[in-house]
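The block underneath contains the structure these notes are about, expressed in structure tokens.
2 protein chains.
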Amino acid sequence: MSGAIQSLSRAAAILRLLAGGERRLGLSEVATGLGLAKGTAHGILRTLQQEGFVEQDPDSGKYQLGAELLRLGQSYLDVHELRARALVWADDLARAAGETVYLGVLHQRGVLVVHHVFRPDDSRQVLEVGSMQPLHATALGKVLLAYDPVARGELGDGPWEAFTPRTVTEPAALDAQCALVRERGWADAVEETWEGVASVAALIQDRRRNPVGAVCVSGPVETVCEGGAVRPSLVASVRTAARAISRDLGAHRF
Amino acid sequence: MSGAIQSLSRAAAILRLLAGGERRLGLSEVATGLGLAKGTAHGILRTLQQEGFVEQDPDSGKYQLGAELLRLGQSYLDVHELRARALVWADDLARAAGETVYLGVLHQRGVLVVHHVFRPDDSRQVLEVGSMQPLHATALGKVLLAYDPVARGELGDGPWEAFTPRTVTEPAALDAQCALVRERGWADAVEETWEGVASVAALIQDRRRNPVGAVCVSGPVETVCEGGAVRPSLVASVRTAARAISRDLGAHRF
DNA sequence: TGGAGGGGTCGGCATCGCCGACCGGTGGTC
DNA sequence: GACCACCGGTCGGCGATGCCGACCCCTCCA
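So the protein sequences, as listed, match chains A and B.
Heads up, the first sequence is in our numbering, so the first residue is 108 and it goes up one at a time.
Heads up, the second sequence is in our numbering, so the first residue is 108 and it goes up one at a time.
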């Protein structure tokens, strides 16, 4: 676990900087933003451009992310075993539940959505594959926190950002919820990320029973909940789907 | 346009190698595949792993692409101006045409799909955003070939791969088709990529009238064509959508 | 018309990363 | 069961390589 290659780490930092800022960034902005000499930043950007990882606006000379990243991101999905196994189960789950289905894996300090099935109605929806969800305020995140020590480590000590009045922001409360998740075998999040939205999630394990991801059903509180709590039939559907995916991944039967 | 940073170029080559092979690759495979010393390849892979661009299977020690690429790919889409402007128009087009809609840009030797609207029926479809289409055998590609000299340059001299008996594989024939595309203002491809599939595409220009992409409607020959030719109403819809998007991008009115 | 800031270039220096020999573990084979 | 072939990984010395900061030209603005 010795040192990293300097130029590569810097290139990664530049890409993340470009991904973070909403707009294009100029050479000087990149250089000062990362504390690099202009010449250094330029050399890295030039190479990244040749490789297609960044593009340069011909008018302004400013830089943005490049198309090659999209292509490689798609390739990541293509070889993703969990996603491949889960495709059909997620589809069935969405159909049965009549709600949106997400499949997420732990990535850095959040949950990365690797699959997303639209709610089976005709409403206009945008695909969220590739986007991140907070660990402490979603059902997907709480499942990972409860079962994956790495996730809990990444999150740190809080207090965390409150997205709604119901967001759990204190470590003690969150850890208590995680204990409950482990006890029940599923997690919920009712109006903790967005007002009016509730979700239920369950854990997916690989052949060695390691936590590798989570599957979740999400929708309006009016349809997901019943009398203030998540509808038991939804919980059952999600847990069944999670078990099915885990079995497909080679987890031993119960 | 002087030299590139060696370690960065090599890292990009490793990522492409991992994206190309369907399965995970071992350290030695990567090293020999690119003609690198094992130690060198290991150093790059270690750094890429720390940055999240590759992941390592704990059992086999083999490497695959990492989740950070998916996240950055999504960020690329987020800042993509053409895609943002085209979202609503593509939606309308799909609804009006009753067929699948693709939005593509030139990337290396192919067309990169940056947006994809499912055909508005309940059939099971997989999202193709981030995938590549051949330049010489799709409507999207032929539009770009006709209007973007860079695209024609990238493609080279052929003969190109034949996907079906109707694929155009010879330069003379393709250039003639491109001339026709410029004359008519739209391109079609009937069973040139897949048997039974036909598509129509039109050019999208930016504020300086440069070609920046293409929009396309694609579906079964039975519904897209009529008497051996593409239905004129579809052509009109696609061209109208392309003009609308171009106008949104700031292209001067006609 | 000047100046401030932009992106881009260049060459010299020392740093940084490349290389190939080496290590420990593992799975296959006879 | 002992060997061997090959795996992923490590290490240190040498030299290529990439970093830095001064410099250039252009545009925009005062």
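Virtual Cβ for every residue (Gly too), placed ideally from N, Cα, C.
Shorter than 7 Å from the beta carbon of residue i to some beta carbon of chain B?
i         : result
Tyr183(A) : yes
Glu158(A) : yes
Ala119(A) : yes
Val218(A) : no
Thr154(A) : yes
Leu200(A) : no
Leu124(A) : no
Gly150(A) : yes
His214(A) : yes
Ala351(A) : no
So, under 8 Å CB-CB, residue i and residue j are touching, yes? Tell me the CB distance rounded to an integer number of Å.
i         : j         : result
Thr245(B) : Ser306(B) : 6 Å
Leu219(B) : Ala174(A) : 5 Å
Ala120(A) : Leu141(A) : 6 Å
His243(B) : Leu262(B) : 6 Å
Ser353(A) : Ala204(A) : Going by Cβ atoms, the distance from Ser353(A) to Ala204(A) rounds to 18 Å, so no, they are not a contact pair.
Leu115(B) : Leu115(A) : 6 Å
Ala294(B) : Val250(B) : 5 Å
Gln171(A) : Arg131(A) : 5 Å
Pro227(B) : Arg202(B) : 6 Å
Gly357(B) : Asp313(B) : 7 Å
Gly180(A) : Leu179(B) : 7 Å
Establish whether the CB of residue i and some CB of chain A are separated by less than 7 Å.
i         : result
Asp355(B) : no
Ser114(B) : yes
Phe361(B) : In this predicted model, Phe361(B) has a pLDDT of only 47, less than 50, meaning its place in the structure is not dependable; the value taken from the coordinates is given anyway. No - not a single Cβ of chain A is within 7 Å of the one on Phe361(B).
Gln363(B) : This structure cannot settle anything about residue 363(B), because the visible part of chain B is limited to 108 through 361.
Gly180(B) : yes
Leu172(B) : yes
Ala111(B) : yes
Val195(B) : no
Gly146(B) : no
Leu177(B) : yes
Val319(B) : no
Val186(B) : yes
With distances taken Cα to Cα, identify the nearest neighbour of residue i among the options.
i         : options                                    : result
Tyr209(A) : Gly248(A), His222(A), Gln215(A)            : His222(A)
Gly133(B) : Leu122(B), Gly168(B), Arg226(B)            : Gly168(B)
Gly335(B) : Leu281(B), Val297(B), Gly140(B), Asp228(B) : Val297(B)
Trp267(B) : Ala280(B), Asp255(B), Pro256(B), Val257(B) : Ala280(B)
Leu341(A) : Ser353(A), Val328(A), Ile352(A)            : Val328(A)
Thr207(A) : Val304(A), Ala351(A), Ile352(A), Arg315(A) : Val304(A)
Val195(B) : Tyr183(B), Asp264(B), Val224(B)            : Val224(B)
Leu234(B) : Asp228(A), Val322(A), Ser182(A)            : Ser182(A)
Arg291(A) : Thr300(A), Thr276(A), Leu310(A), Gly140(A) : Leu310(A)
Ala92(B)  : Glu333(B), Val322(B), Cys332(B), Glu299(B) : Residue 92(B) lies beyond the residue range present for chain B, which begins at 108 and ends at 361; the question has no answer from this structure.
Ala283(B) : Arg273(B), Ala253(B), Thr274(B), Val236(B) : Ala253(B)
Thr154(B) : Leu122(B), Glu302(B), Thr300(B), Arg289(B) : Leu122(B)
Asp355(A) : Gly326(A), Phe270(A), Pro278(A), Ala197(A) : Ala197(A)
Asp255(A) : Gln215(A), Thr271(A), Thr276(A), Ala148(A) : Gln215(A)
Mark residue i as exposed unless 16 or more other C-beta atoms lie within 10 angstroms of its C-beta, in which case mark it buried.
i         : result
Val89(B)  : Residue 89(B) lies beyond the stretch modelled for chain B, which goes from 108 to 361, so this question has no answer here.
Asp166(B) : exposed
Arg190(A) : buried
Ser238(A) : buried
Glu162(A) : buried
Glu158(A) : buried
Met108(B) : Reliability of the predicted coordinates at Met108(B) is poor, the pLDDT of 48 falling under 50, and the value obtained from them is presented with this limitation in mind. Result: exposed.
Pro318(A) : buried
Phe361(A) : With a pLDDT of only 47 at Phe361(A), under the threshold of 50, the placement of this residue in the model should not be trusted, and no figure is reported.
Asp164(B) : exposed
Pro241(A) : buried
Thr139(A) : exposed
Ser230(A) : exposed
Ser135(A) : exposed
Ala269(B) : exposed
Ala286(B) : exposed
Arg117(B) : buried
Glu129(B) : exposed
Ala144(B) : exposed
Glu299(B) : buried
Gly146(B) : exposed
*Note down, in chain order, all residues in the region 277-295 of chain B with a beta-carbon under 9 Å from any beta-carbon belonging to chain A.*
Residues of the region 277-295 of chain B whose Cβ lies closer than 9 Å to any Cβ of chain A: none.
*Listed from N- to C-terminal order along the chain, which residues in the region 235-267 of chain B have their beta-carbon within a distance smaller than 9 Å of any beta-carbon of chain A?*
For the region 235-267 of chain B, the set of residues with a beta-carbon nearer than 9 Å to any beta-carbon of chain A comprises Glu235, Val236, Gly237, Ser238, Met239, in chain order.
*Listed from N- to C-terminal order along the chain, which residues in the region 294-314 of chain B have their beta-carbon within a distance smaller than 7 Å of any beta-carbon of chain A?*
Listed by position along the chain: nothing, the set is empty.
*Relative to chain B, which residues along the region 316-341 of chain A have a C-beta separation below 9 Å, given in chain order?*
For the region 316-341 of chain A, which is checked against every Cβ of chain B, the residues closer than 9 Å are Asn317.
*Listed in chain order, which residues of the region 127-146 of chain B have Cβ atoms closer than 9 Å to some Cβ of chain A?*
Near chain A, meaning a CB-to-CB distance below 9 Å, the residues of the region 127-146 of chain B are Gly127, Gly128, Glu129, Arg130, Arg131.
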